[in-house]
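Asker: Following this message is one structure expressed as structure tokens.
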């Protein structure tokens, strides 16, 4: 315990000296940091904060120091997160590389791949996107048809991915490709890293009903990919793909916490008081107050469950589907309550009958509908829970 107290004092001192003033204020959407070759920083202190945290390895504190991470144990990570929270520190980096790719490279990559890619991920030097879904392969992901032909010293990749988040801004993509066309569909897939700047890689934006979208289509037209970009064994990519999805689902589960990574950052209680009235410091409408109270109680219990799982050192597994399912459904419920509180202002799309904040909530409400699709649909999660967690009969 004395060692942990000394570590806490060290963290406090370091943060006091290194966390810039504006990085201790609530995050503004257009100041989110994703890093990458072409990163732009509206706030210069965002770049400084990333640089300092990246060099310290604290953008990925659990990753071993030899690969640029913090090398912290579970208790130290908890202390670090508590002290970051205490000063209201902004996340230094949003990164699919940290949330999804780095853990599978650690587990399945060779030493050269670890040293080549992980330090750049941690410092935000390379921005990654995910190439999984295809126009004909969604929930049945193993039916994918993007192919990588063995050309001796390289693969020749042809095909298309869809719903590729931020592909138009990413530097590299981790993609599932078919290298074994004659093998059963699950055993003919490989996990490949592709530079988005390579000739033959193009992207096209997809617009959602909300009017905004991070999604793109990604096309591969005779793209040459070096053999050293294969993670794990050829035709064994499905195992890696499933593990990465478990890490992704752990991340998406945080959408269930207000301000925890999803779009639920506007206080539902404050919105209800503003639009439904306030009496004695409470939401005036008793029925709606009861609904919000129940929602917040479930949210608190969910947060404690996630914390307990982290404290117990839970690793990415099929149980991640439980958290992903509950978190995304809870986030959708949050926005249903917000829209209900807004009344007729919750269905205004344009014009002056609603202000920009009200319109943003409407658009965010529409966006939450995708939460139960991305990372595997809620129906798929229930199947995974039934088969892999509860071991129910097929």
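In our numbering, the protein residues as written are 1 to 394. We put the beta carbon where it would ideally sit given N, CA and C, even for glycine. Computed from a predicted model, the values in this text were never measured in an experiment.
1. Hey, quick one: how far does the beta strand (DSSP E) through residue 204 stretch, first residue to last?
2. Residue 148 lies in the beta strand (DSSP E); which residues open and close that run?
3. Sort 213, 215, 189, 113 by Cα distance to residue 240 and report the nearest one.
4. Name the residue from 300, 294, 148 whose alpha carbon lies nearest to the alpha carbon of residue 234.
5. Would you list the residues sitting across from residue 337 in a DSSP beta bridge?
6. Which of the three DSSP states is assigned to residue 40 in this structure?
7. Going along the chain, which unbroken runs of the beta strand (DSSP E) with 3 or more residues stay wholly within the segment 103–167?
8. Could you have a look at residue 98 and say whether DSSP puts it in helix, strand or coil?
9. Between the beta-carbon of residue 220 and the beta-carbon of residue 293, is there less than 8 Å?
10. What distance in whole Å lies between the Cβ atoms of residue 174 and residue 128, which are believed to be in contact at a cut-off of 8 Å?
11. Please report the distance separating the alpha-carbon of residue 89 from that of residue 143.
12. In the structure shown, what three-state DSSP assignment does residue 238 receive?
13. Look at the alpha carbon of residue 25 and the alpha carbon of residue 199, and state the distance between them as a whole number of angstroms.
14. Starting from residue 384, trace the alpha helix (DSSP H) both ways and give me its first and last residue.
15. Under 8 Å, do residue 227 and residue 330 count as touching if we go by C-beta distance?
16. If we call anything under 8 Å between Cβ atoms a contact, is residue 55 one with residue 43?
17. Residue 262 to residue 323, Cα distance in whole Å?
18. Is residue 291 helix, strand or coil by DSSP?
19. Identify whether residue 212 lies in helix, strand or coil by the three-state DSSP scheme.
20. To which residues of the same chain is residue 79 closer than 8 Å at the C-beta, ignoring the five residues directly before and after it?
21. Span of the alpha helix (DSSP H) holding residue 84?
22. Nearest by alpha-carbon distance to residue 257: which of 208, 229, 205, 325 is it?
23. Check for me: the beta strand (DSSP E) holding residue 397 runs from which residue to which?
24. Secondary structure at residue 169, three-state DSSP: helix, strand or coil?
25. From this set, 268, 242, 332, which residue's C-alpha is nearest residue 369's C-alpha?
26. Which residue from 180, 305, 357 puts its Cα closest to that of residue 275?
27. Is residue 254 closer than 8 Å to residue 343 when the C-beta atoms are compared?
28. If you draw a straight line from the C-alpha of residue 40 to the C-alpha of residue 22, how long is it?
29. Check whether the segment 101–117 touches the segment 54–68, taking contact to mean three or more Cβ pairs, one atom from each stretch, closer than 8 Å.
30. In terms of alpha-carbon separation, which member of 339, 122, 217 lies closest to residue 34?
Answerer: According to the structure data:
1. Here residue 204 refers to the residue found at position 204 when the chain shown is read from its first residue. From DSSP, the beta strand (DSSP E) with residue 204 extends over 201–205.
2. Working through the chain shown from its first residue, we reach residue 148 at position 148. Here the beta strand (DSSP E) through residue 148 covers 147–150.
3. Walking along the chain shown from the start, residue 240 turns up at place 240. Among 213, 215, 189, 113, the Cα nearest to that of residue 240 belongs to 189.
4. Sequence index remark: in the chain shown, residue 234 carries index 234 (1-based). Nearest C-alpha to residue 234: 148.
5. Translated into positions along the chain shown, residue 337 becomes position 337. Answer is none; residue 337 lacks a bridge partner.
6. As a first step, residue 40 must be located in the chain shown, where it is residue number 40. The answer is coil: DSSP assigns residue 40 none of H, G, I, E or B.
7. 128–131, 147–150, 154–161
8. Along the chain shown, one-based indexing puts residue 98 at 98. If DSSP states are grouped into helix, strand and coil, residue 98 belongs with the helices.
9. If you number the chain shown from 1, residue 220 lands on position 220. If you number the chain shown from 1, residue 293 lands on position 293. No; because the gap between Cβ atoms is not below 8 Å, this pair is not in contact.
10. Counted from its first residue, the chain shown places residue 128 at position 128. Counted from its first residue, the chain shown places residue 174 at position 174. That pair is a contact at about 6 Å.
11. For the purposes of this step, residue 89 is taken as the residue at position 89 of the chain shown. For the purposes of this step, residue 143 is taken as the residue at position 143 of the chain shown. Spanning the two alpha carbons is a distance of roughly 43 Å.
12. As a position in the chain shown, residue 238 is number 238, starting the count at 1. Three-state result, residue 238: helix.
13. The residue you call residue 25 lines up with position 25 of the chain shown. The residue you call residue 199 lines up with position 199 of the chain shown. Answer to the nearest angstrom: the Cα atoms are 42 Å apart.
14. Here residue 384 refers to the residue found at position 384 of the chain shown. Start and end: 378–384.
15. As a position in the chain shown, residue 227 is number 227, starting the count at 1. As a position in the chain shown, residue 330 is number 330, starting the count at 1. Taking 8 Å as the Cβ cut-off, residue 227 and residue 330 do not qualify as a contacting pair.
16. If you number the chain shown from 1, residue 55 lands on position 55. If you number the chain shown from 1, residue 43 lands on position 43. Not a contact, by the Cβ cut-off of 8 Å.
17. Position 262 of the chain shown, counted from the start, is the residue given in the question as residue 262. Position 323 of the chain shown, counted from the start, is the residue given in the question as residue 323. The predicted model places residue 262 with a pLDDT of 40, which falls under 50 and marks its position as unreliable; any figure quoted below should be read in that light. Those two C-alpha atoms are separated by around 14 Å.
18. For the purposes of this step, residue 291 is taken as the residue at position 291 of the chain shown. Note: residue 291 maps to helix in three-state DSSP.
19. In the chain shown, residue 212 corresponds to position 212, counting from 1. Three-state DSSP puts residue 212 in coil, outside helix and strand.
20. Here residue 79 is taken as the residue at index 79 of the chain shown, counted from 1. Contacts found: 4, 7, 8, 11.
21. Locating residue 84 in the chain shown gives position 84, where the first residue counts as 1. Unbroken alpha helix (DSSP H) run through residue 84: 74–86.
22. Locating residue 257 in the chain shown gives position 257, where the first residue counts as 1. Answer by Cα proximity: 325.
23. Outside the shown range of the chain, which is 1 to 394, sits residue 397, and nothing can be said about it.
24. On the chain shown, position 169 is the one that residue 169 refers to. If DSSP states are grouped into helix, strand and coil, residue 169 belongs with coil.
25. As a first step, residue 369 must be located in the chain shown, where it is residue number 369. Of the listed residues, the one whose Cα sits closest to residue 369 is 332.
26. Within the chain shown, numbered from 1, the residue matching residue 275 stands at position 275. Residue 357 is the option with its Cα nearest to residue 275.
27. One-based indexing of the chain shown puts residue 343 at position 343. One-based indexing of the chain shown puts residue 254 at position 254. Not a contact, by the Cβ cut-off of 8 Å.
28. Position 40 of the chain shown holds residue 40. Position 22 of the chain shown holds residue 22. Whole-angstrom Cα-Cα distance: 17 Å.
29. yes
30. Position 34 of the chain shown holds residue 34. The shortest C-alpha separation from residue 34 is found at 122.
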